[in-house]
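A.B. asks: Once you've had a glance at the structure underneath, I'll fire off some questions.
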Amino acid sequence: MMNAVKPIIRDAATLILVARNRQLKSVFDYRVLLLERGAKSAFMPSTYVFPGGVIEKADFSNDWMELFRRSFAKFGKDFTSLVNIQGPRPPVLNKSASTDIPNEVAFRICAIRETFEESGVLLLKSFADKQQSNLNIDDIQSWRKEVYADATKFFTMCRKFECVPDVWSLGEWCNWLTPASLPRRYDTLFYICFLDKEPTVLHDEKEMTQSKWITPAEGASKFRARQIKLGMPQVYELLRFCQFPKWADLQSFQEGRASQGCERWLTVKLKCTDGMMFVLPHDDMYPSLHNRDLEELSKSSKGQIEDGEHSETIAQLNSKGKNFNRMVLQSGTPYNLMCNAQLPHGQCLPVVDPVKIQQLAEELQSHL
């Protein structure tokens, strides 16, 4: 009897667009883009996410080198700054490349392509000038449909308009791996891109049905109030951004830590007697729970396991240990995030105080 085929963990890339907005009546001077997945989506339905999607062979095509070699000469910049990272590398970037396109570049091409497909936002460098390519709205809408149907058309479009994906504008931010209990799993690199203004968004009405430019604190507050659905990575990253209400400070922080590397995080889900706990790396409970998941996965013919269960209450588990990096969900109450662990590679912890998050989310009141 043949064993069932284990589901493949698909490689993916996501792009967090951080756009300055000087008109906000907020302590924030920027917003980030969130897109709502359709209600019938097989993965995270009706959930707000950052734009992104799975890697395609077209993202690794050697054809890209034709354009990038022109860009090296035009802009005086090659891939060195993208590939020469001294810190830890995410496992997806350590895989042997089958083409001349480095993994660090292919994943950025994917993030830019998927963002274009889902939102209409296009990050390109034109050979005609050093600013972004000036495709008009009709061009964008027409090419979006073609690229959505066939990822190879993204290269075709760039060649036609003499431009390259602006891979240099994307910095590595984090790497999340879908929990082992879910049937669809993705190993996703999250990139961050800083924009001087908010571009027009045209959500695709296929995968994405709504779009929001939103401050990090507003997004976290709406999730806490159960007004919108967010995935665990989205909540955690929005709360990290709450450490930096100013666009320039967040950009400076990212630039300062960019060379320190990036580690992959796998969320471990734990059913307690009175709720659900999501445990993350660097929490005192994480090593034993992570090892349990790996052991269970090795025995599974489906590549999927049940959530772990614990006979104690959340309060009992929270009374143990000193280093926390966890989120708790209990029926009828908002989420509770406990994070005091020291994170490596220059990364910051999220803001967890609900009062501070609410204060950050409120509009500034006029004193006139």
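Residue numbers (my numbering): 1 to 368. Note that the Cβ used here is the ideal one computed from N, Cα and C, for glycine as well.
Who does residue 213 pair with in a DSSP beta bridge?
C.D. replies: Beta-bridge pairing links residue 213 to 33.
A.B. asks: Do residue 9 and residue 293 come within 8 Å of each other at the CB atom, strictly closer than that value?
C.D. replies: Not in contact: residue 293 and residue 9 (Cβ atoms no closer than 8 Å).
A.B. asks: With which residues is residue 19 paired in a DSSP beta bridge?
C.D. replies: Per DSSP, 31, 195.
A.B. asks: Check whether the Cβ atoms of residue 105 and residue 250 sit closer than 8 Å, and answer yes or no.
C.D. replies: No. Outside cutoff.
A.B. asks: For my contact list, residue 337 and residue 239 are in at a C-beta cut-off of 8 Å; report their separation, rounded to the angstrom.
C.D. replies: Confirmed, Cβ separation roughly 7 Å.
A.B. asks: Note down the Cα distance separating residue 308 from residue 319, rounded to an integer number of angstroms.
C.D. replies: Residue 308 and residue 319: Cα-Cα distance of roughly 19 Å.
A.B. asks: To the nearest angstrom, how far is it from the Cα of residue 4 to the Cα of residue 167?
C.D. replies: Confidence at residue 4 is low in this model, with a pLDDT of 46, below 50, so the placement of that residue is unreliable and no value is reported for it.
A.B. asks: Who pairs with residue 12 in a beta bridge, going by DSSP?
C.D. replies: Partner(s): 54, 188.
A.B. asks: Report the three-state DSSP secondary structure of residue 409 (helix, strand or coil).
C.D. replies: With the chain represented from 1 up to 368, any question about residue 409 goes unanswered, as that position is not in the structure.
A.B. asks: Please classify residue 291 as buried or exposed, where buried requires at least 16 other C-beta atoms within 10 Å of its C-beta.
C.D. replies: By the 10 Å Cβ count, residue 291 comes out exposed.
A.B. asks: By the three-class DSSP mapping on this structure, what secondary structure does residue 169 have?
C.D. replies: Three-state DSSP puts residue 169 in a helix.
A.B. asks: Is the distance from the Cβ of residue 27 to the Cβ of residue 349 below 8 Å?
C.D. replies: Cβ atoms of residue 27 and residue 349: not closer than 8 Å.
A.B. asks: Here's the rule I'm using: 16 or more other beta-carbon atoms within 10 Å means buried, otherwise exposed. How should residue 190 be labelled?
C.D. replies: By the neighbour-count rule (16 or more Cβ atoms within 10 Å), residue 190 is buried.
A.B. asks: Hey, out of 64, 73, 138, 87, whose CA is closest to residue 102's CA?
C.D. replies: Closest option to residue 102, Cα to Cα, is 64.
A.B. asks: DSSP beta-bridge partners for residue 308?
C.D. replies: The partner list for residue 308 (beta bridge, DSSP) reads 270.
A.B. asks: Rounded to whole angstroms, what is the Cα-Cα separation between residue 158 and residue 165?
C.D. replies: Cα-Cα distance, rounded: 8 Å.
A.B. asks: Distance, Cα to Cα, residue 195 vs residue 107?
C.D. replies: Cα-Cα distance, rounded: 20 Å.
A.B. asks: Is the beta carbon of residue 221 closer than 8 Å to that of residue 85?
C.D. replies: No, the pair does not count as a contact, with Cβ atoms beyond the cut-off.
A.B. asks: Pick out the complete alpha helix (DSSP H) segments inside the segment 51-95, 4 residues or longer, and give them in chain order.
C.D. replies: Counting only runs of 4 or more, we get 63-75, 80-83.
A.B. asks: Determine the direct distance from the alpha carbon of residue 354 to that of residue 15, and round the result to whole angstroms.
C.D. replies: So the alpha carbons of these two residues sit roughly 26 Å apart.
A.B. asks: What distance in whole Å lies between the Cβ atoms of residue 161 and residue 135, which are believed to be in contact at a cut-off of 8 Å?
C.D. replies: At roughly 6 Å, the Cβ-Cβ gap stays under 8 Å, so residue 135 and residue 161 are in contact.
A.B. asks: Could you say which of 325, 154, 121 lies nearest to residue 232 if we only look at CA atoms?
C.D. replies: Comparing Cα-Cα distances from residue 232 to each of 325, 154, 121, the minimum goes to 325.
A.B. asks: Is it buried or exposed, residue 372, if we count other Cβ atoms within 10 angstroms and call 16 or more buried?
C.D. replies: The structure shown does not extend to residue 372, since the chain spans only 1 to 368, so no value can be given for it.
A.B. asks: Using CA atoms only, rank isn't needed, just tell me which of 35, 30, 141, 119 is closest to residue 201.
C.D. replies: Residue 119 is the option with its Cα nearest to residue 201.
A.B. asks: Grouping DSSP H, G and I as helix and E and B as strand, with all else coil, what is residue 286?
C.D. replies: Reduced to three states, the DSSP call for residue 286 is helix.
A.B. asks: How is residue 318 classed by DSSP in three states: helix, strand or coil?
C.D. replies: In the structure shown, residue 318 sits in a helix (DSSP, three-state: H, G or I).
A.B. asks: When the distance is taken between beta carbons, is residue 264 closer than 8 Å to residue 175?
C.D. replies: Yes. Within cutoff.
A.B. asks: For a quick check, are the C-beta atoms of residue 52 and residue 111 less than 8 Å apart?
C.D. replies: Yes, the Cβ-Cβ distance between residue 52 and residue 111 is below 8 Å.
A.B. asks: If you reduce the DSSP assignment to three classes, tell me which class residue 127 lands in.
C.D. replies: Here residue 127 sits in coil by DSSP.
A.B. asks: Closer than 8 Å by C-beta to residue 305: which residues in its own chain qualify, once you throw out the five before and the five after it? Chain order, please.
C.D. replies: Same-chain partners within the cutoff: 180, 181, 293, 296, 297.
A.B. asks: Can you list, in chain order, the residues of its chain with a C-beta nearer than 6 Å to that of residue 75? Leave out the 5 residues immediately preceding and following it.
C.D. replies: The answer is none, since no qualifying residue turns up.
A.B. asks: Kindly identify the DSSP beta-bridge partner or partners of residue 328.
C.D. replies: Per DSSP, 277, 336.
A.B. asks: Should residue 90 be labelled buried (16 or more other beta-carbon atoms within 10 Å of its own) or exposed?
C.D. replies: Classification for residue 90: buried.
A.B. asks: Helix, strand or coil: which one does DSSP assign to residue 163?
C.D. replies: Residue 163 falls in the strand class under three-state DSSP.
A.B. asks: Determine, using beta carbons only, whether residue 272 and residue 310 come nearer to each other than 8 Å.
C.D. replies: For residue 272 and residue 310, yes; Cβs fall inside 8 Å.
A.B. asks: Within its chain, find whatever has a CB closer than 8 Å to the CB of residue 87; leave out the 5 residues flanking it on each side and keep chain order.
C.D. replies: Excluding residues within five positions, the ones whose Cβ falls inside 8 Å are 259, 260, 261, 262, 345.
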